[in-house]
Amino acid sequence: MWFDSLDGLFRVVLISLAAYGSLVVVLRFAGKRSLAKLNAFDLVVTVALGSTLATVLLTKDVAFLEGLLAFAMLALLQWIVAKLSVAWPPFKELVRSDPALLVHEGGYRDAAMRSERVTRSEVDAAVRASGIGNIADVGAVVLETDGSMSVIARSDTPLTLLDDVKR
C-alpha cells in the first residue's frame, strides 16, 4: 500500500515544515560550532539530531513539541560541552582529541601514523592536494581534531603553530 490515509500524509507535510523550521532556529541559536567540521562529539550530536528529526516526522506517538524539546536539549548539551571544554582543560581532554603530528621536516612519523591509524598513502594524498609534490618540501602534516589533515610547506622560519600538536 502506498499510504494509509490522506491525514497521515498531511501530518507528515505539516510536521516536516514545523520540525525543519524549528531545527534551523535551534541550530542558529546553538551557534556556528554546530555547523563546523565535525569532531567525534559533534558527529554524535548531529546524528542524534537527525534521528530525532526522523522520529518526529514519521512516528505519530511523538508529539511535535516533544521533538522540539529534544532538539533544544541536544543543542543545549552541545553548547554546555563546548563551554566546559573552553573553561576547563581536563574536560576538553575528555571530549576532544588532540591534533597529531604525522610528518615533520620532510620525515614521516611512523609511530604517530600507526597510533592514529593513518597510512602513508593517505598522508601523501593530503600533501598532493595541497600542491606539494615532494615530501622533502613538507614542514609538517597535522591530523586535526576533525580528522582532516593540514599540510604546511617547509620554511626557514620556526613552525610556531605546532606548539599544541601532540608529538
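The sequence shown runs contiguously to residue 167 in full-length UniProt numbering.
Glycine residues also receive a C-beta, built at the ideal position from the N, C-alpha and C atoms.
- In the DSSP assignment, residue 139 falls within the unbroken beta strand (DSSP E) covering 138–143.
- Nearest to residue 126 by alpha-carbon distance, out of 148, 106, 105 and 87, is 148.
- Here the alpha carbon of residue 25 sits roughly 48 Å from the alpha carbon of residue 156.
- Taking C-beta atoms as the reference points, residue 96 and residue 102 fail to come closer than 8 Å.
- The beta carbon of residue 72 sits closer than 8 Å to those of 26, all from its chain and outside the five residues before and after it, given in chain order.
- Residue 52 is classed as buried because its beta carbon has at least 16 other beta carbons within 10 Å across all chains shown.
- Nearest to residue 116 by C-alpha distance, out of 131, 160, 5 and 141, is 141.
- The beta carbon of residue 84 sits closer than 7 Å to the beta carbons of 91 from its chain, once the five residues preceding and following it are set aside; these are given in chain order.
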